[in-house]
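All residue numbers for the sequence shown refer to my numbering, where the first residue is 6 and numbers rise by one.
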Amino acid sequence: MDNPFMARAIQLSVENVNAGGGPFGAVVVKGGAIIAEGVNRVTASRDPTAHAEISAIRAACAKLGAFELKDCDLYTSCEPCPMCLGAIYWARPAHVYFANLAADAARVGFDDAFIYREIAQPLARREIPMIQMMREEALEAFRAWDEKPNKVPY
């Protein structure tokens, strides 16, 4: 089934490869119109978080003046990686549509399986050491947040 929004995400991914970027594109749709687009700009911007989905989410939230994508749909050329999946859940779109599978991405060198394995590991067994420190001092920020009467929950 052809879908113009997915077709645009795929077109962005191909154009980005041709421009020297990674093979990923994404669009955010609201009310039947594309409100934001994103492509993978990791190497171009030297930013490991500059994935297509995150770029599209950032642009859409800026356009909407909101930190949620309520009543929006995300179309992405590939099944989201763990980082993008986390961002998607925080952004709360209504739906996520994807084309390529994570296994397809892994076959061309974008394998996120190790991240999923790492997440499942206890902190002490992760490849990158995760060392807790100064918890009591850090809890002050949570106490301040908990007691703040005019906070914006998210």
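Even glycine gets a Cβ: it sits at the ideal position worked out from N, Cα and C.
Handout entry: Any 3 or more C-beta pairs closer than 8 Å across the region 127 to 141 and the region 106 to 117
Key = Contact between the region 127 to 141 and the region 106 to 117 is absent, because fewer than three Cβ pairs lie under 8 Å.
Practice task
My understanding is that residue 47 touches residue 39, with C-beta atoms under 8 Å, so please give their C-beta distance in whole angstroms.
Solution key: Incorrect: roughly 22 Å between the Cβ atoms, too far for contact.
Practice task
Quick one: grab the DSSP three-state call for residue 103.
Solution key: strand
Exercise for the section: Using DSSP bridges, identify the partner residues of residue 42. Expected result: 32
Practice task
Return the first residue and the last residue of the beta strand (DSSP E) that residue 80 is part of.
Solution key: Where residue 80 is concerned, the enclosing beta strand (DSSP E) stretches over 77 to 83.
Exercise for the section: Examine the Cβ distances between the region 76 to 83 and the region 95 to 105 and report whether three or more of them are shorter than 8 Å. Expected result: Output reads yes: the region 95 to 105 touches the region 76 to 83.
Handout entry: Other residues of its chain near residue 11: CB distance less than 7 Å, five sequence neighbours each side excluded
Key = 80, 102 and 104
Problem - Distance, residue 87 Cα to residue 157 Cα - result: 26 Å
Handout entry: Environment of residue 144 [buried if 16+ CB atoms lie within 10 Å]
Key = Label assigned to residue 144: exposed.
Problem - Own chain residues within Cβ distance below 7 Å of residue 65, not counting five before or after - result: 33, 40, 41, 74 and 77
Exercise for the section: Jot down the residue ranges of each uninterrupted alpha helix (DSSP H) in the region 101 to 154, minimum 4 residues, whole runs only, in chain order. Expected result: 107 to 112, 118 to 125 and 140 to 152
Handout entry: Cα-Cα separation between residue 54 and residue 60, rounded to whole angstroms
Key = 9 Å
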